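Here the working numbering is used: the first residue of the sequence shown is 18, the next is one more, and so on. Even glycine gets a Cβ: it sits at the ideal position worked out from N, Cα and C. All values reported here derive from a predicted model rather than from experimental measurement. Read through the structure below, which is laid out as structure tokens, and then see the notes.
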Amino acid sequence: MRYFLLGLHGLGVIGIAHALMLLGADEITTIERGGIRTIRSLEQILTLYGINPVPWMEAALPGVIASAFAWVFSAPGWLILFVLGGALTLLPRRHV
């Protein structure tokens, strides 16, 4: 059980690091575009990785749940990864 919690903690740290990289990439893109604020959503980030979540949401989820997932995917990618990474990082601390 200890190694599982340690793995969750490591995954959380990786999530936070990825969130910081995405935040930095958004800031660099903002500077490159002459100060026009650029914030990529989680959907845009997943599309860059070759995963498009929209067809899956429309086909597999009922309306209310699909709208909740649509809200999550439209949020800034760095925010979602930071929240998930922070939760995974802090969760094992209570049990170890």
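For residue i, which of helix, strand or coil comes out of DSSP?
{"i": "Pro79", "result": "coil"}
Note down the Cα distance separating residue i from residue j, rounded to an integer number of angstroms.
{"i": "Leu22", "j": "Ile97", "result": "21 Å"}
{"i": "Thr106", "j": "Gly32", "result": "9 Å"}
{"i": "Leu108", "j": "Gly24", "result": "11 Å"}
{"i": "Gly51", "j": "Asn69", "result": "29 Å"}
{"i": "Gly67", "j": "Pro79", "result": "24 Å"}
{"i": "Ala1", "j": "Gly94", "result": "Given a span of 18 to 113 for the chain in the structure shown, any question on residue 1 remains unanswerable."}
{"i": "Arg110", "j": "Met38", "result": "24 Å"}
{"i": "Gly41", "j": "Val71", "result": "26 Å"}
Just mark residue i as buried or exposed, buried being the case when its beta carbon has 16 or more other beta carbons within 10 Å.
{"i": "Ile82", "result": "exposed"}
{"i": "Gly29", "result": "buried"}
{"i": "Ile62", "result": "buried"}
{"i": "Ala34", "result": "exposed"}
Residues in its own chain within less than 7 Å of residue i by CB, not counting five upstream and five downstream?
{"i": "Arg54", "result": "Thr47"}
{"i": "Phe99", "result": "Ile33 and Ala36"}
Looking only at its chain, what residues have a beta carbon closer than 8 Å to the beta carbon of residue i, apart from the 5 residues adjacent to it on each side?
{"i": "Ala92", "result": "Ser58 and Leu59"}
{"i": "Ala104", "result": "Gly29"}
{"i": "Met74", "result": "Ala83, Phe86, Ala87 and Phe90"}
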